[in-house]
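**Q** Starting off with a structure, shown below.
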Amino acid sequence: MSANFKFSDDEFSFKDVGKQSPDPKAGPKLPPAPPRGPLGTPPGAGPKSPGAGSRPGGEGAARKPEPPPATGSGAAGPQIKQTTPGPKSGAPAPKGTGGPKRVDGPKDPSRPAGQGSSSASGARKGSSNKGSSKPEPRASGSKPAGPDARKAGEASKKKPGTKRRRLERHITHVSTSSPRHQVEAWLAVMVKSGASDLILRAGGRPSQRISGKISFLPGRVPGPGPLLEVLEGVIGEKRMEAWHKSGSADAAISLDGLGRFRLNAYKQMGEPAVVIRRIAEHAPNLDELDLPSESLKKLALKKRGFVVVTGVAGSGKSTTLAAMIQYVNKSVERHIITLEDPVELLFKEDRCVISQREVGTDTKSFKDGLKHALRQSPDLMLIGEVRDAETVVAALEATETGHMVMSTMHTVNAAQTVDRILGFFPVERHKQLRQRLADNLVGVLSQRLVPRRGEPGLVPAFELMISTPHIRELIEEGKTSELARVIESGTEPGLVSFNECLRGLVEGHMIELNDALATSDRPDELLLALRGIRGSKERVKGPKPSQVKAEPGPDGLRMAGGE
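Written out as structure tokens, the structure reads:
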């Protein structure tokens, strides 16, 4: 419906004159423009003009028009009949508009307040009556939304912390669901960020470990009751009984779309807590671990002996053993039996038969598992961890009957490994144990993880001790304190010290010097080795000075080869 408006002489009044629908292209019919005085006539001197505006293209079109006012849906607004013109009543209306222009100057006392722009108001009202869905035109002086505005909007979406805010909203949304779904959401974040561990304590802040460093996640861990329910549903009734008795329990879980995880549930301050570690889906390749792969391959293919991989928690011991097992699996035909607590990596058989047994589910203990494994036609046996004297005796008995045994220990170097094994037994049995170790121990690999230089990730630093006649003699005589000196000398093949490995990593620009010094057991000797000096006189074997580019290291240290 189109609305026409009639105005009285003393005020504006809006009345619906008729309901006829005129041609929308022609617009409302306007009265003829009244004559106006010549240009330059002072206000009030010439004949009064009956209106404040005129038709576009009239006599006053020569004057520069002002910007048009905001109008409605495009229809020309009605002309205002003004009986008492203002000081500028003879000013012409701008071109291209059918509506009047509001003129600055003294206000007409007969005009009600708030009706100074009746043309725009009338046009808006007419537009609303038609039900038009078109937005109102932009007011004069406002800038259209162009490429700059779009860029500004995109830049606002890329503000720092946007990703973390989205993560917080996701965690907050999930936190309203069950506690198990909340834990699974944290596991999904852990997998996406490449973290190795997820740490959850009842009522505390969830945290994860990335490249050896702890970072916190948004939200709060469920309280003791809900978290205990989650653990009961994950590790089962039998392991929960062990958790209540001993205060800790191990388990492994597989989640669709996320992978396999190893978890250790424990008590802290009487409340439940859990550390969840991600397990690789595929067995690693021994050549891709930055370890002495050729020496480890020779050890893995031996038919008899005891191999120990040592290091602190999270140093990659299980990964190294899994890579050695996988190399055997692809190289020869053998029967491999693993005893793990819990079973971590699930191997896919290639050339070997692999039986994976879990302590607590498939066997009572490592000792019982090894005892019965000797009747299961094994060629190679993997023990998840040497924890007590009984496991050591079972492993030595297995090697003495012609089998290969691999295991792990929580020690930091080769010499400490020998001392730890002897420490499981009383002193009166040490002589016998030293003899058995000298005959059966074929290799010890100790490893530590160091932050990679210039990029996220970790690099393994290692110490390797292969059994040689000199090493066997020192073990048999109980001179374990001299093992480190012999390994450091590097005079025999198969002996690599931590300092020698760290020196190669620093000179290869794989780790920072400060990280190497913090990792070394003898940082002063490492500094001397980096300068090309061993002790007081002997030079370290390595490339000639002319082949090494001199580069200043941190703290003003100058590498070997510098002038």
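Using this note's numbering, the first residue of the sequence shown is number 36, and each one after it goes up by one.
Quick reminder that beta carbons are idealized off the backbone N, C-alpha and C, glycines included.
To which residues of the same chain is histidine 465 closer than 8 Å at the C-beta, ignoring the five residues directly before and after it?
**A** Same-chain partners within the cutoff: Leu457, Gly513.
**Q** Cα separation between arginine 593 and arginine 538?
**A** Bear in mind that a pLDDT of 46 at arginine 593, under 50, signals an unreliable position, so the number given afterwards is only what the model happens to contain. Roughly 13 Å between the two C-alpha positions.
**Q** So leucine 405 and alanine 433 are in contact, right, with Cβ under 8 Å, and what is the actual spacing, rounded?
**A** Indeed they touch by this definition, with Cβ atoms about 6 Å apart.
**Q** Closest to phenylalanine 251 by CA distance: which of Ala357, Glu393, Asp232, Ser532 is it?
**A** Selected option, being the one with the closest Cα: Asp232.
**Q** Closer than 8 Å is the cut-off here; do at least three beta carbon pairs connect the region 340-349 with the region 361-371?
**A** With a cut-off of 8 Å, the region 361-371 and the region 340-349 do not count as touching, because too few Cβ pairs lie within range.
**Q** Whole-angstrom Cβ separation of glycine 294 and valine 226, contact assumed at under 8 Å?
**A** About 7 Å separates the two Cβ atoms, so the contact holds.
**Q** Hey, quick one: how far does the beta strand (DSSP E) through proline 307 stretch, first residue to last?
**A** Start and end: 306-314.
**Q** Could you tell me which whole beta strand (DSSP E) segments of length 3 or greater appear in the region 396-428?
**A** Correct list: 415-418.
**Q** Using a Cβ-Cβ cut-off of 7 Å (strictly less than) and excluding sequence neighbours within five positions of histidine 544, which residues of its own chain qualify?
**A** Once the five neighbours on either side are set aside, the close Cβ partners of histidine 544 are Arg488.
**Q** Does DSSP classify aspartate 474 as helix, strand or coil?
**A** Here aspartate 474 sits in helix by DSSP.
**Q** With alanine 450 as the anchor, note down where its alpha helix (DSSP H) starts and where it stops.
**A** From DSSP, the alpha helix (DSSP H) with alanine 450 extends over 449-458.
**Q** The beta strand (DSSP E) that contains threonine 515, what's its start and end?
**A** Counting along the chain, threonine 515 falls outside any beta strand (DSSP E), and DSSP gives it neither H nor E.
**Q** Taking C-alpha atoms, which residue in Met500, Asp291, Gln361, Arg215 lies nearest to leucine 476?
**A** Answer by Cα proximity: Met500.
**Q** Hey, how far is the Cα of alanine 223 from the Cα of valine 388?
**A** For alanine 223 and valine 388, the distance between alpha carbons rounds to 33 Å.
**Q** Go ahead and label serine 412 buried or exposed: buried means 16 or more other beta carbons lie within 10 angstroms of its beta carbon, across all protein chains shown.
**A** Its Cβ having fewer than 16 others within 10 Å, serine 412 is exposed.
**Q** Enumerated in chain order, which unbroken segments of the beta strand (DSSP E) with a length of 3 residues or greater are wholly contained in the region 323-355?
**A** Segments of the beta strand (DSSP E) lying fully in the region 323-355: 340-345.
**Q** Could you tell me which residues DSSP puts in a beta bridge with proline 486?
**A** Leu493, per the DSSP bridge assignment.
**Q** Where does glutamate 393 land, buried or exposed, given buried means 16+ other C-beta within 10 angstroms?
**A** Buried, by the Cβ-count rule.
**Q** Starting from the C-beta of leucine 380, find all residues in its chain whose C-beta is less than 7 Å away, skip the five residues before and the five after it, and write them out in chain order.
**A** Ile314, Ala315, Ala318, Ala357.
**Q** Quick check: the Cα distance between serine 516 and lysine 352, rounded to an integer number of angstroms?
**A** Cα to Cα, serine 516 sits roughly 24 Å from lysine 352.
**Q** Applying the 10 Å Cβ sphere with the 16-neighbour rule, what's the burial state of threonine 443?
**A** Result: buried.
**Q** How long is the line joining the alpha carbons of arginine 410 and glycine 395, rounded to whole angstroms?
**A** If I take the Cα positions, the gap works out to 20 Å.
**Q** Going straight from the alpha carbon of isoleucine 506 to that of proline 257, what length do you get?
**A** Near 53 Å, if we compare the C-alpha coordinates of proline 257 and isoleucine 506.
**Q** Give the secondary structure of arginine 236 by DSSP, where H, G and I count as helix, E and B as strand, and everything else as coil.
**A** Looking at arginine 236 - three-state DSSP - the assignment turns out to be strand.
**Q** What's the gap between the Cα of proline 461 and the Cα of tryptophan 221?
**A** Approximately 46 Å between the Cα atoms of the pair.
**Q** Count the other CB atoms, across all protein chains shown, that sit within 10 Å of the CB of glutamine 603; report buried if there are 16 or more and exposed otherwise.
**A** Nothing can be reported for residue 603, as the shown portion of the chain is limited to 36 through 598.
**Q** Whose CA, out of Pro327, Ser242, Asp559, Ser532, lies closest to the CA of valine 447?
**A** Residue Ser532 is the option with its Cα nearest to valine 447.
**Q** So is aspartate 376 buried or exposed if we call it buried at 16+ other beta carbons inside 10 Å?
**A** With 16 or more other Cβ atoms within 10 Å, it is buried.
**Q** Quick check: what's the CA-CA separation for serine 330 versus serine 502?
**A** One C-alpha to the other measures close to 12 Å.
**Q** Look at the Cβ atom of leucine 561, then the Cβ atom of serine 555, and state whether they are nearer than 8 Å.
**A** For leucine 561 and serine 555, yes; Cβs fall inside 8 Å.
**Q** Can you give me the Cβ contacts of glutamine 391 inside the same chain, cut-off strictly under 6 Å, excluding the 5 residues immediately before and after it?
**A** Within the same chain, glutamine 391 has close Cβ partners Thr373, Val378.
**Q** Let me confirm a value: glycine 229 is counted as buried when at least 16 other C-beta atoms fall within 10 Å, else exposed. Which label applies?
**A** Exposed is the call here.
**Q** Report yes if the C-beta distance between methionine 22 and methionine 359 is below 8 Å; otherwise report no.
**A** Outside the displayed range of the chain (36 to 598) lies residue 22, so it cannot be described from this structure.
**Q** Considering only residues of the same chain and omitting the five flanking positions on each side of glycine 529, which have a CB-CB separation below 7 Å?
**A** Cβ neighbours of glycine 529 beyond the five flanking positions: Ser330, Leu499, Ile501, Thr503.
**Q** Roughly how many angstroms separate the alpha carbons of glutamine 470 and phenylalanine 497, rounded to a whole number?
**A** Straight-line Cα distance between these residues: approximately 26 Å.
**Q** Going by beta carbon distance, what residues of the same chain come within less than 7 Å of leucine 321, once the five residues before and after it are set aside?
**A** Excluding sequence neighbours, leucine 321 sits near Ser328, Leu331, Lys332, Ala358, Met359, Tyr362.
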